[in-house]
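Everything in the sequence shown is counted per the numbering used here, starting at 16 for the first residue and increasing by one. We treat Cβ as the ideally placed atom computed from N, Cα and C, and that holds for glycine. This one's a predicted model, so the numbers in the text were calculated from it and none came from an experiment. Quick notes on the structure that follows.
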Amino acid sequence: MATEISLGKLVKCDDLRSVWKNEAYDFTIWLAEEENLNLLGETLGVEIELINTEEPAGAFSIDILAKEVATNRKIIIENQLEKTNHDHLGKIITYASAKQAEIIVWVVKEARDEHRQAIEWLNEKTDEEIEFYLLEIELWKIGNSDIAPKFSIISAPNGWMKANKSVEKGSDPNNSLKLEYWEKFCEYSDANYQFIKSNRLKYGSRNWLDVKAGTKLCSICLAISIQKKRIRAAIYCSKKTGFIDIYKSNEDEINSGFDEKLYITQGKKDATINIVESADITDRSDWERQFKWLCDTCMKLKEEIVDKYKSQ
């Protein structure tokens with residue numbers, strides 16, 4: 016006998032202002048909360064940390080200024096609880112220039128086709144370091160449940176196309192090799208390491224690939240050096256999080272659990288805890304060994320350092 020299953024029906028709530036009456040005082044304040052920035056970040060594949068709301072930019076103000084946790088790249092977020100218009104399109108370009116932002120996010124109620132095309136054009140004409148996103152914010156509920164927000168990406172950068180465009184420019188003769196390396200690495204890690212598959216961030220023809228560590232305190236960076244003939248796995252953290260101090264307080268205990276040597280590099284605002292391995296990036300026959308080392312070391316850094324000490 017078939018079991019009767021009662022399923023609810025998703026209902027879209029079209030009136031965003033029934034929840035957020037004022038764009039600046041309600042929606043922007045709501046989005047700037049950590050939980051909601053995390054929701055936006057999960058949609059974009061970017062870990063976001065708030066810097067400021069209503070950030071001054073000349074005679075104007077940016078709704079939200081933030082940064083990407085893994086790279087410190089600046090993010091501007093412009094909100095519009097209406098259909099897109101030329102005024103806000105101009106604002107995101109002006110604000111990006113004022114703050115030298117590399118990730119530009121436009122959150123709207125409804126995207127007009129001409130503005131979707133404009134964002135696509137901006138992504139096509141800029142290099143892989145600059146990313147433009149156009150998203151619609153929606154509200155949904157089932158029956159008498161609470162209303163739930165949902166972000167839908169309308170336009171986003173094509174990372175593969177941007178990376179290849181960077182390669183074609185010829186700024187670095189090794190760009191094509193690095194892009195191929197990370198493409199093959201992702202194929203390997205996606206097939207063998209679920210955590211890395213679920214938490215790795217975007218890559219291009221860069222020297223590194225970032226992996227979310229499951230905490231705002233730090234992230235994990237996997238890096239290659241063709242010139243130095245080595246690969247590296249590292250925990251990256253901003254000094255203000257205090258995680259590097261936690262590591263130093265437990266350094267002897269932590270290091271005793273590793274066969275490899277761990278060493279710290281520090282800048283003015285950040286620090287990394289590193290492990291390196293000799294590797295010739297140009298030797299494709301050695302790539303699988305390198306991929307396995309990067310993945311295994313990434314997991315060990317997460318499990319033996321991040322997971323054990325993040326709550327101290």
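- Taken through DSSP and simplified to helix, strand or coil, Arg247 comes out as strand.
- Note: Tyr148 is bridge-paired with Val120 in the DSSP secondary-structure output.
- Secondary structure of Cys201 (DSSP, three-state): helix.
- Across the structure, Lys98 and Leu237 are spaced so that their CA atoms are roughly 40 Å apart.
- Contact between the segment 77 to 89 and the segment 42 to 50 is present: three or more C-beta pairs spanning the two stretches fall below 8 Å.
- Nearest in C-alpha terms to Ile107, of all of Asn87, Ala133, Asn189, is Ala133.
- According to DSSP, Asp225 shares a beta bridge with Cys236.
- With a beta-carbon spacing of about 18 Å, Glu135 and Glu117 fall beyond the 8 Å limit used to define contacts.
- Inclusion of Tyr262 and Ile288 in the CB contact set at 7 Å is warranted, their separation being smaller than that value.
- With the rule of 3 Cβ pairs closer than 8 Å, the segment 193 to 211 does not count as touching the segment 86 to 105.
- Between the alpha carbons of Ala72 and Leu31 lies a gap of roughly 27 Å.
- Closest by C-alpha distance to Phe166, out of Cys233, Arg131, Gly56, is Gly56.
- Three or more Cβ pairs drawn from the segment 312 to 327 and the segment 236 to 254 lie within less than 8 Å of each other, which places the two stretches in contact.
- For Ser167, the enclosing beta strand (DSSP E) stretches over residues 163 to 170.
- Closest option to Glu153, judged by alpha-carbon separation, among Asn214, Lys124, Leu137: Lys124.
- Under the three-state reduction of DSSP, Lys276 is assigned to coil, being neither helix nor strand.
- Going by DSSP, Leu31 is part of no alpha helix (DSSP H) at all; its letter is neither H nor E.
- With contact defined as three or more Cβ pairs closer than 8 Å, the segment 255 to 271 and the segment 225 to 235 are in contact.
- Collapsing the DSSP output to three states places Thr99 in coil.
- According to DSSP, Ser160 shares a beta bridge with no other residue.
- Under the 10 Å beta carbon count, Ser170 is surrounded by 16 or more other beta carbons and is classified as buried.
- Beta-bridge annotation (DSSP): Thr86 is not paired with any residue.
- If you compare the alpha carbons of Trp35, Leu309, Asn51 with that of Leu65, the shortest gap goes to Asn51.
- Scanning Arg299, Ile91, Lys212 for the CA closest to the CA of Leu149 turns up Ile91.
- The straight-line gap separating the alpha-carbon atoms of Cys201 and Ser112 is approximately 33 Å.
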